[in-house]
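Now the structure itself:
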């Protein structure tokens, strides 16, 4: 019998190594495990993770605890972040979700300057509240999607995963109309970025394949994930290599770095 993935994930987190890692990040690991157990049954309960740094994170859903685990315990973005050569790096986040990547970045680089795009209204407001409650500075949050053109577009809502809303994939349910801005035009208008993080549920391919050669000199690194078939993934890699990027895999993600 196949074990439900939420139960499987919860069970995999119950070990001394994970407990120790959680204890290094938040003051009460019991809250972490309680959020997995209770919200694994029904996303009804709210928890607040108190970081040992003094920051706090409101957890409302099982997926929030899952994303917290990926970013703060498994540290899936840390290799890319720690490779930056500035103490005050400039980052562009396409798909801000509820702000955990920005919080993780701020823990590593308190002087980081972040421009984040999150089109989904509920995620946007949670992200905004996280900025305010933690008194985070130099984070500009815009309630828009980024793609290959300017205008409006329908954002398809994923009711099972608040990090899975998409302007590409259709879940057969609700959608909301959101503002859409051109990625290429944004890069032209902005100062250079040390890192661009793409986590926009399928729109990564449109953005990467649509990159104009004249703007890539303003992007030092790009980090993205990909769950598409190998042939589609190779299209992205071929495009990025043609623009002068080297690509490496890191914790299930891909880091594209401009060749020196």
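In my numbering, the protein residues as written are 318 to 577.
Cβ coordinates follow ideal geometry from the N, Cα and C atoms, glycine included.
Quick one: measure Cβ to Cβ for residue 376 and residue 342, integer angstroms, because I've assumed they're closer than 8 Å. In the chain shown, residue 376 corresponds to position 59, counting from 1. In the chain shown, residue 342 corresponds to position 25, counting from 1. In fact, because the Cβ distance is near 13 Å, the residues do not count as touching under 8 Å.
Which ranges does the beta strand (DSSP E) cover as unbroken runs of at least 3 residues, wholly within the segment 419–486, from first to last along the chain? Counting only runs of 3 or more, we get 430–434, 456–459, 462–464 and 468–473.
Cβ atoms of residue 473 and residue 498: under 7 Å apart, would you say? Residue mapping note: residue 498 aligns to position 181 of the chain shown, counting from 1. Residue mapping note: residue 473 aligns to position 156 of the chain shown, counting from 1. The beta carbons of residue 498 and residue 473 sit no closer together than 7 Å.
Going by beta-carbon coordinates alone, are residue 560 and residue 533 separated by less than 7 Å? Taking the first residue of the chain shown as 1, we reach residue 560 at position 243. Taking the first residue of the chain shown as 1, we reach residue 533 at position 216. Cβ distance < 7 Å, so residue 560 and residue 533 count as in contact.
Here's the rule I'm using: 16 or more other beta-carbon atoms within 10 Å means buried, otherwise exposed. How should residue 404 be labelled? Translated into positions along the chain shown, residue 404 becomes position 87. Residue 404 comes out exposed.
Going by other Cβ atoms of all chains shown within 10 Å of its Cβ, with 16 needed for buried, is residue 572 buried or exposed? Position 255 of the chain shown, counting from 1, holds the residue named residue 572. By the 10 Å Cβ count, residue 572 comes out buried.
Between which two residues does the beta strand (DSSP E) holding residue 563 run? As a first step, residue 563 must be located in the chain shown, where it is residue number 246. It spans 562–567 - the beta strand (DSSP E) in which residue 563 sits, taken as one unbroken run.
Considering only residues of the same chain and omitting the five flanking positions on each side of residue 455, which have a CB-CB separation below 6 Å? For the purposes of this step, residue 455 is taken as residue 138 along the chain shown, with counting starting at 1. Residues 430 of the same chain have their beta carbon placed closer than 6 Å to that of residue 455, with the five preceding and five following residues left out of the count.
Give the single residue among 427, 409 and 357 whose Cα lies nearest to the Cα of residue 540. Residue 540 sits at position 223 when you count from the first residue of the chain shown. Minimum Cα distance to residue 540 is reached at 409.
Determine whether the beta carbon atoms of residue 398 and residue 434 lie at a separation below 7 Å. By one-based count along the chain shown, residue 398 stands at place 81. By one-based count along the chain shown, residue 434 stands at place 117. The answer is no: Cβ separation not under 7 Å.
Is it buried or exposed for residue 407, if we count other Cβ within 10 angstroms and need 16 for buried? Reading the chain shown from its first residue, position 90 is the one you call residue 407. With a threshold of 16 other beta carbon atoms within 10 Å, residue 407 meets it and is buried.
Option in 413, 426 and 420 with minimal Cα separation from residue 438: Here residue 438 is taken as the residue at index 121 of the chain shown, counted from 1. Answer by Cα proximity: 413.
Rounded C-alpha distance that separates residue 378 from residue 520: As a working mapping, residue 378 is identified with position 61 in the chain shown. As a working mapping, residue 520 is identified with position 203 in the chain shown. Distance between the alpha carbons of residue 378 and residue 520 is about 24 Å.
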